[in-house]
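Going line by line, the protein sequences match chains V and E. The numbering of the first sequence is our numbering, which starts it at 1 and goes up by one. The numbering of the second sequence is our numbering, which starts it at 422 and goes up by one. Idealized CB from N, CA, C, for every residue including glycine. Data first, discussion second: the structure below is written as structure tokens.
Number of protein chains: 2
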Amino acid sequence: MNSKERGRRRFLKDGAAMAQLGLAGLAAGTLRSAKAQTLGSETAEARAKDTRFYGERSRFVNSARTLVGTGPASNTPLQDSVGIITPSSLHYVVMRFRDEPPDIDPRQHRLVIHGMVDRPLIFTMEELKRMPSVSRIHFVECAGNTSPVERRSAKTVQETHGWTSCSEWTGVPLSLLLKEAGVQKGATWVVAQSADAGKHTKSIPMEKAMYDVLVAYGQNGEPVRPHQGFPLRLLVPGWEGVANVKWLRRIQVVDRSYMMKVESVDYTVLRPNMDGKALWYNFQLGPKSVITFPSGGQRLPGRGFYEITGLAWSGGGTIRRVEVSTDGGRSWKDAQLQQPLHRIAHTRFRWDWNWDGEEAVLQSRCTDDQGDVQPSVAQISKQWGVTTDFWKETETRVNHWNAIHSWKVTRDGSVQNALFS
Amino acid sequence: MNSKERGRRRFLKDGAAMAQLGLAGLAAGTLRSAKAQTLGSETAEARAKDTRFYGERSRFVNSARTLVGTGPASNTPLQDSVGIITPSSLHYVVMRFRDEPPDIDPRQHRLVIHGMVDRPLIFTMEELKRMPSVSRIHFVECAGNTSPVERRSAKTVQETHGWTSCSEWTGVPLSLLLKEAGVQKGATWVVAQSADAGKHTKSIPMEKAMYDVLVAYGQNGEPVRPHQGFPLRLLVPGWEGVANVKWLRRIQVVDRSYMMKVESVDYTVLRPNMDGKALWYNFQLGPKSVITFPSGGQRLPGRGFYEITGLAWSGGGTIRRVEVSTDGGRSWKDAQLQQPLHRIAHTRFRWDWNWDGEEAVLQSRCTDDQGDVQPSVAQISKQWGVTTDFWKETETRVNHWNAIHSWKVTRDGSVQNALFS
Chain V
1 MNSKERGRRR
11 FLKDGAAMAQ
21 LGLAGLAAGT
31 LRSAKAQTLG
41 SETAEARAKD
51 TRFYGERSRF
61 VNSARTLVGT
71 GPASNTPLQD
81 SVGIITPSSL
91 HYVVMRFRDE
101 PPDIDPRQHR
111 LVIHGMVDRP
121 LIFTMEELKR
131 MPSVSRIHFV
141 ECAGNTSPVE
151 RRSAKTVQET
161 HGWTSCSEWT
171 GVPLSLLLKE
181 AGVQKGATWV
191 VAQSADAGKH
201 TKSIPMEKAM
211 YDVLVAYGQN
221 GEPVRPHQGF
231 PLRLLVPGWE
241 GVANVKWLRR
251 IQVVDRSYMM
261 KVESVDYTVL
271 RPNMDGKALW
281 YNFQLGPKSV
291 ITFPSGGQRL
301 PGRGFYEITG
311 LAWSGGGTIR
321 RVEVSTDGGR
331 SWKDAQLQQP
341 LHRIAHTRFR
351 WDWNWDGEEA
361 VLQSRCTDDQ
371 GDVQPSVAQI
381 SKQWGVTTDF
391 WKETETRVNH
401 WNAIHSWKVT
411 RDGSVQNALF
421 S
Chain E
422 MNSKERGRRR
432 FLKDGAAMAQ
442 LGLAGLAAGT
452 LRSAKAQTLG
462 SETAEARAKD
472 TRFYGERSRF
482 VNSARTLVGT
492 GPASNTPLQD
502 SVGIITPSSL
512 HYVVMRFRDE
522 PPDIDPRQHR
532 LVIHGMVDRP
542 LIFTMEELKR
552 MPSVSRIHFV
562 ECAGNTSPVE
572 RRSAKTVQET
582 HGWTSCSEWT
592 GVPLSLLLKE
602 AGVQKGATWV
612 VAQSADAGKH
622 TKSIPMEKAM
632 YDVLVAYGQN
642 GEPVRPHQGF
652 PLRLLVPGWE
662 GVANVKWLRR
672 IQVVDRSYMM
682 KVESVDYTVL
692 RPNMDGKALW
702 YNFQLGPKSV
712 ITFPSGGQRL
722 PGRGFYEITG
732 LAWSGGGTIR
742 RVEVSTDGGR
752 SWKDAQLQQP
762 LHRIAHTRFR
772 WDWNWDGEEA
782 VLQSRCTDDQ
792 GDVQPSVAQI
802 SKQWGVTTDF
812 WKETETRVNH
822 WNAIHSWKVT
832 RDGSVQNALF
842 S
């Protein structure tokens, strides 16, 4: 992509009057694309409400996100997932400052790029959609997904792992916008800010901003949905969810990290043995996987053939291997991976299993193309300097938990969460 | 996949009691998976209606399928498409015998495999979901898409090309079910039948049935939607849409093709010069592409930079190359293809264009990995033995039209359908 973007650099030369409106140009949004016009008709709106024109789900399908804890957070129903795409309507939601997403009119929305740049820029949505775009399938996962404190009493995979989802995202590379604006010498970070009332902000190092970050307006072939940031969000592949700023309206180029409250308190990784040290700038999510069928709360009707299936993902790159165990980790077999593989995306794995009717402990373990292997609970504990029993009692919130997960199948076929097996 | 399936052959050995219920076992549907149980709660249903739990589109987004002609057919709004996935709700619809899809209770639905097999089989949906599955991204296109008779007066790409859509489909390989049933010597075709009142049927040669056909229950990460065949449809990659039988309930293994009315009259390809000959068994769709932006009915607000983008697909395999012309085919430039490439799938292409404000004719031309190149209108005409003017007047319906498509950009920026440029 870098060579592509170099080739495209300053592509706005002929159309410079459009993009380089400057910050004073806020009211200059006179451009209207035919796209906006075709979308704007009342006829289309009426038709969208007609099931013949906007195909609804069957009334027998009512898989939904479920509320976990208090506040406006809900989890993807991974136990119902098939393939690698999460339906946009079922993408997990964590909102920090509100119960409902803001109701943004895309014709009024603007993205501002300013700070340490040669040419501050302001874009309408229509202008962004004219620019060179890319589409990529990526997961987004909350750093708190599967945190032991909140998840140890959970029953289903929706409750234990439902803060991860995967979509085909479409947008403009942030690097392209930054190059158009002209990043000044000494600029080392960007600060992204949301248009919602909470003004959620996130600092991102320039190196990542120039690498693979998207300013995304499309999700699974249609506009990003309101809960996911309509009309515009940041997509920071492989980094914790909080970095993927929704309702994006401002990108400031700066020479330091601005650690906002949410970054410095809520999202640092405290060492649970309380030696006073914390891991800052630990943004990338490690290799992780979970079996979605059979999973907690389900029941196998009897011995015989089952396809064990689940999802694996890593912030570090492409999943190269998933192994499955049915005996609590004593032996492992290679699962099949859905092809083609996508970088920093949910990867579906499948493994054929003949259940003999005896008690079984199902686990999955993934490896990414950097060679990083999903750790066991024992390995994570050693890394943190605690015993495995620590996780059963602690009230310390732990982010970036990516340990191998266990589901216990009892002889009656019921499947139970066995987080610390 | 073949080696995979060979390895899995007779996987039901231990669970044979489940699958080999035989045709008399229709009432034996006593198995209930936990999945069905978790889906069935009224609480989940209530939550699904709550926008916090089932994320709706923005009220500013009303892109919808549009009715074309008479009857229950509607087109995908390709002018609004981004990436390669079509939202399930916007997948094109052609229904032959009804205005609304049947309202099938998946707990009551059965798939029967019978005819020239050693072991007739009957499956509940829960049984199918336990079996080895695959997920693949494939397009589905109606053979009549872009037929000149219906499309020459069309204005938008939704009207000219909207009978093609692309989804991640999940299901069981038909080959696996056929191997379980045990195909008898001399069997050369399968006949697939729908559960709807029209009992739509389609004959498919055994060679294709054993190659890459899916019995699909998943679409874009959730159950197939009613308009697309809930709870079960056939997915016949690269073949005309009519072969992808929706609401699938019966697969009969036979020793000849049963040419039903819809196959023998509506879907044969008549030679338009009326020499009395017809092409039968012409099922595979050729290489085809179209520019979705800028496209008919849209208006460019002024000269300057635009990303030309569109979709290419081929029933023959993977798209390897897309070229774009802005001068009506006198010169061509290679477009960028969205990675990774998927076989028999929509492939997004992109090309950077600086419009000088003069009249332009935009075209795209694709090549698949078999070396097949999308033909020009002149080449198609020559193949049919007619002049290019023929298409402007004929009332003969032509299926499998895959000619290079032209959009004319006038100096005022408006974009017009120029089907026969």
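query, result
"Helix, strand or coil at Ile438/V [DSSP, three-state]", "Since the first residue of chain V shown is 1 and the last is 421, residue 438/V is not available in this structure."
"Residue(s) in a DSSP beta bridge with Phe770/E", "Gly731/E and Leu758/E"
"Alpha-carbon to alpha-carbon, Glu628/E and Val611/E", "10 Å"
"Whole-Å CB distance - Ser568/E paired with Val819/E, under 8 Å assumed", "5 Å"
"6 Å CB neighbourhood of Lys408/V in its chain, flanking five on each side removed", "Val361, Gln416 and Ala418"
"Chain E residues whose Cβ lies nearer than 8 Å to that of Val82/V", "Ser554, Ser556, Thr591, Tyr638, Gly639, Gly642 and Glu643"
"Contacting positions in the stretch 512 to 532 of chain E - beta carbon closer than 9 Å to chain V", "His512, Val514, Asp520, Glu521, Pro522, Asp524, Ile525, Asp526, Pro527 and Arg528"
"Collapsed DSSP secondary structure at Glu816/E in the structure displayed", "coil"
"Straight-line gap, Thr788/E to His138/V (C-alpha atoms, nearest Å)", "28 Å"
"With 16 other Cβ atoms within 10 Å as the buried cut-off, status of Arg751/E", "exposed"
"Beta-carbon spacing of Arg720/E, Glu779/E below 8 Å", "no"
"Glu728/E and Asp773/E closer than 8 Å at C-beta", "yes"
"Interface flag, Arg741/E vs chain V, CB-CB below 8 Å", "no"
"C-alpha gap between Asn641/E and Ala64/V, whole angstroms", "15 Å"
"Residue-level contact to chain V via CB, His648/E, 8 Å cutoff", "yes"
"Proximal residues, the stretch 746 to 771 of chain E versus chain V, C-beta separation under 8 Å", "Gln757, Gln759, Pro761, Leu762, His763, Arg769 and Arg771"
"Burial state of Arg769/E, where buried means 16 or more other Cβ atoms lie within 10 Å", "buried"
"Distance between beta carbons of Gly218/V and Gly731/E, contact taken as under 8 Å", "That belief does not hold up - the Cβ atoms of Gly731/E and Gly218/V are roughly 15 Å apart, past 8 Å."
"Three-way DSSP call (helix, strand, coil) for Gln500/E in this model", "helix"
"Within chain V, partners of Gly476/E - CB distance below 8 Å", "Arg65, Ser88, Ser89, Leu90, His91, Val93, Arg225, Pro226, His227 and Gln228"
"Burial state of Lys667/E, where buried means 16 or more other Cβ atoms lie within 10 Å", "buried"
"Separation of Ser314/V from Gln383/V, as counted between CA atoms", "19 Å"
"Phe176/V: first and last residue of the uninterrupted alpha helix (DSSP H) it sits in", "It should be pointed out that residue 176/V corresponds to Leu in this sequence rather than to Phe. Taken as a continuous stretch (DSSP letters only), the alpha helix (DSSP H) holding Leu176/V covers Leu174 to Ala181."
"Chain E within 8 Å of Lys4/V, Cβ atoms only", "Caution applies to Lys4/V, whose pLDDT of 45 falls short of 50 and renders its modelled position unreliable; the model cannot decide the point."
"Nearest-angstrom Cβ-Cβ length linking Met125/V and Leu176/V, presumed shorter than 8 Å", "Wrong, their Cβ atoms sit about 16 Å apart, outside the cutoff."
"Thr201/V, enclosing beta strand (DSSP E) - first and last residue", "Thr201 to Pro205"
"Start-to-end residues for the beta strand (DSSP E) that takes in His114/V", "Arg110 to Gly115"
"Neighbour flag for Asp773/E against chain V, beta carbons, 8 Å", "yes"
"Option nearest Glu240/V by Cα separation, candidates Asn145/V, Pro101/V, Leu232/V and Thr388/V", "Asn145/V"
"Residues sharing a beta bridge with Pro644/E, DSSP", "Gly639/E"
"With 16 other Cβ atoms within 10 Å as the buried cut-off, status of Lys202/V", "buried"
"Beta-carbon proximity check, Val711/E vs His582/E, cutoff 8 Å", "yes"
"Minimum C-alpha distance to Leu422/V - residue among Gly328/V, Thr326/V, Gly316/V and Ser364/V", "What the structure shows of chain V is the stretch from 1 to 421, and residue 422/V is not part of that stretch, so it cannot be assessed."
"Nearest-angstrom Cβ-Cβ length linking Pro101/V and Met95/V, presumed shorter than 8 Å", "7 Å"
"Residue burial classification, Ala438/E (beta-carbon count within 10 angstroms, cutoff 16)", "Residue placement at Ala438/E is flagged as unreliable, the pLDDT there being 34, under the threshold of 50; a coordinate-derived value is accordingly withheld."
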